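Keeping their order, the protein sequence lines are chains A and B. If you read the first sequence in our numbering, its first letter stands for residue 1, the second for the next number, and so on. If you read the second sequence in our numbering, its first letter stands for residue 1001, the second for the next number, and so on. Glycine included, every Cβ here is placed at the ideal spot set by N, Cα and C. No experiment lies behind these values; they were computed from the predicted model shown. Report on one structure; see the data block that follows.
Protein chains: 2
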Amino acid sequence: MGVQIMCPSLIQEKSQQANTILEELDVDAWMIWVRETKQMADPVLSLVLEGDLVWQSALIYTKRGDRIAIVGNLDASGVEPLNVFDEVIPYTESIRDVLRNTLDRLKPQQIGLNFSRDDVSSDGLSYGMYNLLNEYLEGTTYPERFVSAEPIITRLRGRKTSEELKRITKAVEITEKIYKEASQFVDVNQTELDIYHFFHQRMKEHGVSFAWGVAHNPAVDAGPNKQFGHAGPTKNKTKAGHLLHFDFGIRYQDYCSDLQRMFFFGSPSDIPEEVQHAFETVRDAIQKAAEFVKPGVKGYEVDEITRTFVQQRGYEEYKHALGHQVGQEAHDGGTLLGPLWDRYGSSPKGIVEEGNVFTLELYVTTKNFGQVSLEEDIVVTKNGCRFLSTPQEELVCISK
Amino acid sequence: MGVQIMCPSLIQEKSQQANTILEELDVDAWMIWVRETKQMADPVLSLVLEGDLVWQSALIYTKRGDRIAIVGNLDASGVEPLNVFDEVIPYTESIRDVLRNTLDRLKPQQIGLNFSRDDVSSDGLSYGMYNLLNEYLEGTTYPERFVSAEPIITRLRGRKTSEELKRITKAVEITEKIYKEASQFVDVNQTELDIYHFFHQRMKEHGVSFAWGVAHNPAVDAGPNKQFGHAGPTKNKTKAGHLLHFDFGIRYQDYCSDLQRMFFFGSPSDIPEEVQHAFETVRDAIQKAAEFVKPGVKGYEVDEITRTFVQQRGYEEYKHALGHQVGQEAHDGGTLLGPLWDRYGSSPKGIVEEGNVFTLELYVTTKNFGQVSLEEDIVVTKNGCRFLSTPQEELVCISK
């Protein structure tokens, strides 16, 4: 008898993970409660479902391993073939009774719902739908059992499955290919906008879309006077002896890349000492972070390594976090490799887990040549981490 | 001295409308309260803003005509050039104090927030953000002044401006062009899937996207045994003497069309009497509805006209609403031209307004040839309505 090996689809992988995470967190049930998801989609939905739901729908996962979809009868035919739910329960007139019956059968003591103060990825439940759920469950004790699903969702988003890693790896690969192509195109006396349009043309040929808004993607910053991250590409021109900075990320099959690179106009021997010193500082800081990262460390501990290092090397500390997670969004939420600043809330206190994909990114400011900034993408492995990108080792020198 | 005439942009038109609607409804203020809108966008946002907001943001409109945006300092540079807000107030650390100060200055007695039990277009506020707003306003009486913005948003979406009408008209025009092209392509012995793919190829060449999910767009239903609206296109083949039904809508510059058409395989003299009778019933029902529609009538009154008519002509009543609004969504919410059935909630009781764009659509069932269904798009004018589509007058006969 032959054994048929079926590769689970991405949403099958993620759905199984959901049950595992519930068991681990000892939360009885998690409910995604949505409607007309084409018009406003809960951000978690695309991890566990393909297609849209029109009528009010409850997708219920339990720590015992149940996966139950209660959906409108016209939606059921789209949900069944996904092979994700053990039960697809269609309804015609009202979801109320079948929802109550299902909860009565499952008897969950906690019901995770998608609301969160700080994490937008975990805050997909609308206030109107929250009220409607309370109305449907009036007279029961279920509303008292609602808890925030943030701990479930941040883990689910953060722990990349093999299929997710495959897609991110491919996104990174295409991004690096376009950077390579750009190194052949870029020259002195071009505007930032010329170069920006070249990237878009290459993206079109590679058939990929933007990891974030087109206005700043890629960021192209020529010369010493451009503050990174503030203005989009301008008519600023590239000049011999100047630096050129990029921040660029694409989306491939729903998954993102996010990489910064630095070019220099001149031959390697033309690189001013202060530029080389800054470049090596940033490059080596990223290596130090990568050497430190492993499952179990806290986000802010990783950031501390690089923040201390750049100050020891004589620079001001960078004004952002060292690294954010990358997935279906370029900024994918969850644990942040950042300092314990108010503005980051509790995210830097999160724990790094195997399968997390992070950026490692920072800048230092030179006296005469502006900022020097790099960004790499890593995946956390069992005992450390592995680069998904090929870290930039030297300034890309443009001298034609 | 010359006078410079500037055409207001779509979001400028809609923003001005927002103030007018607040005045009309006598609601002091409306607040769109959002964050990271790229990841989860309030459905109303694309009517009044271009681009994304990253940090927590409050867009406040008053009945006195104020339009104030409180946004993160990095978001401000994207909002200012839109020329929509009189004040763009950037903040760096926390929105809390500037939000409280702004409300103290405006002194609104009611504050519309985007939550709704029944209308997904008016339910863009997440439960986490709702809680956060209450936290920021703790100790004030503002939370007691929150009201649902549903009456504001349904009017804002429903009253199409000249720019919106221009785009919908163009979407309808392209849809009709593709139907025309299809009438030359379609033949007997093709599968529904062959024809479906032809539409997609034409859409690509016209550079337009889908008004709703690709799985049912276009719906292609060949022969007597296909129930409309349930299954996507299949390997069902077209046959001489059979009917062919389409439901097809595209999106052009963010605005949708939605049109159904009927083809017949044979020459006009081959059309069976029961098919012709059914076709004329549907066609004439739509005309009767169009003659009745005008500002001030109620949604269900329009539906009653056609529902009664098809029954008088000897058919069962259709199992859906006669018409829904069309805009940035194919099903754009608000007043529905539908029966007073529970499942439609209060939407059929809504009042038809000038500038509303509706579909007029219905089907009847023949004994031997399946369903006959048509759908046209209209805009409500000062005294009646005007067809945006060219109503189908006769079955499109395919006999090559």
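By the DSSP assignment, the beta strand (DSSP E) with ASP1377/B in it spans what residues?
1371 to 1380
Once you ignore the five residues that flank ALA215/A on each side, which residues in its own chain have a CB closer than 7 Å to its CB?
GLY232
Is it the case that the Cβ atoms of GLY112/A and TRP212/A are separated by a distance below 7 Å?
With contacts defined by Cβ atoms closer than 7 Å, GLY112/A and TRP212/A do not form a contacting pair.
Kindly give me the distance between the Cβ atoms of PHE369/A and GLU274/A, rounded to whole angstroms, as I take these residues to be in contact under 8 Å.
7 Å
Determine the closest residue to ASN19/A out of LEU10/A, LEU59/A, VAL44/A, ARG67/A, with distance taken between C-alpha atoms.
ARG67/A
Looking at the structure shown, is THR102/A part of a helix, part of a strand, or coil, going by DSSP?
helix
When the Cα of PHE387/A is compared with those of PHE85/A, THR102/A, ASN356/A, TYR127/A, which residue comes out closest?
ASN356/A
If ALA1455/B sits next to PHE1199/B, beta carbons under 8 Å apart, how far is it from one beta carbon to the other, in whole angstroms?
What is shown of chain B runs 1001 to 1400, which leaves residue 1455/B out entirely.
How many Å lie between PRO1391/B and SER1162/B at the Cα?
22 Å
With burial defined as no fewer than 16 other Cβ atoms inside 10 Å of the residue's Cβ, what is the status of ASN1383/B: buried or exposed?
exposed
Please check if any C-beta of chain B sits within less than 7 Å of the C-beta of MET262/A.
no
Quick check: the Cα distance between MET129/A and TRP33/A, rounded to an integer number of angstroms?
7 Å
Return the residues of the segment 30 to 59 of chain A that lie within a Cβ-Cβ distance of less than 8 Å from chain B, sorted by chain order.
ARG35, GLU36, LYS38, GLN39, MET40, ALA41, ASP42, PRO43, GLY51, ASP52
Which of helix, strand or coil does DSSP assign to TYR318/A?
coil
Tell me the start and end of each unbroken beta strand (DSSP E) in the segment 1028 to 1063 of chain B that is at least 3 residues and wholly inside, in chain order.
1029 to 1034, 1057 to 1062
Unbroken alpha helix (DSSP H) runs of length 4 or more, entirely within the segment 1262 to 1338 of chain B: which are they?
DSSP runs (the alpha helix (DSSP H)) wholly in the segment 1262 to 1338 of chain B: 1273 to 1292, 1299 to 1312.
Just checking, does the segment 1142 to 1151 of chain B make contact with the segment 1045 to 1063 of chain B on the three C-beta pairs under 8 Å criterion?
No, because fewer than three Cβ pairs between the segment 1142 to 1151 of chain B and the segment 1045 to 1063 of chain B fall closer than 8 Å, the two stretches do not touch.
DSSP three-state label for VAL1188/B, please.
Coil, per DSSP.
Locate the alpha helix (DSSP H) running through ARG157/A, then write down its first and last residues.
ARG157/A: member of the alpha helix (DSSP H) spanning 150 to 158, first to last residue.
Check whether chain B comes within 7 Å of TYR127/A, counting only Cβ atoms and requiring the distance to be less than that.
yes
Mind checking whether THR1306/B and LEU1322/B have CB atoms under 7 Å apart?
yes
Please report the Cβ distance between PHE264/A and VAL364/A, rounded to the nearest whole angstrom; I am assuming they are in contact, meaning their Cβ atoms lie under 8 Å.
Wrong, their Cβ atoms sit about 15 Å apart, outside the cutoff.
For TYR179/A, collect the residues of the same chain with a Cβ closer than 6 Å to its Cβ; drop the 5 residues on either side in sequence, then sort them by chain order.
ARG261
Taking GLU1376/B and LEU1243/B to be in contact with their CB atoms under 8 Å, please state how far apart those CB atoms are, rounded to whole angstroms.
With 8 Å as the limit, GLU1376/B and LEU1243/B do not qualify as a contact, their Cβ atoms being about 18 Å apart.
Using a C-beta cutoff of 7 Å, does TYR1300/B count as contacting chain A?
no
Tell me whether GLY78/A sits in a helix, a strand or coil according to DSSP, three-state version.
In the structure shown, GLY78/A sits in a helix (DSSP, three-state: H, G or I).
For LYS14/A, write down the residues that DSSP places opposite it in a beta bridge.
DSSP output for LYS14/A lists no bridge partner at all.
Just the C-alpha distance for ARG167/A and HIS331/A, rounded to the nearest angstrom, thanks.
16 Å
Taking the C-alpha atoms as reference points, what is the distance between GLY65/A and GLN16/A?
8 Å
Say whether chain A places a C-beta atom closer than 7 Å to the C-beta of SER1009/B.
With 7 Å as the cut-off, SER1009/B does not count as an interface residue toward chain A.
What are the residues of the segment 1128 to 1141 of chain B that lie near chain A, defined by any Cβ-Cβ distance shorter than 9 Å?
GLY1128, MET1129, TYR1130, ASN1131, LEU1132, GLU1135
May I have the straight-line CA-CA distance separating ASP1342/B from GLU93/A, to the nearest angstrom?
9 Å
ALA1215/B touches chain A at which residues, Cβ-Cβ below 8 Å?
Near ALA1215/B (Cβ distances below 8 Å), the residues of chain A are GLY51, GLY78.
Just grab the DSSP bridge partners of ILE989/B for me.
The requested residue 989/B is not part of the displayed model; chain B covers only 1001 to 1400.
Rounded to a whole number of angstroms, what is the C-alpha to C-alpha distance between ALA1278/B and LEU1340/B?
25 Å
Report the rounded CA-to-CA distance for ILE1195/B versus ASN1236/B, giving the unit in angstroms.
11 Å
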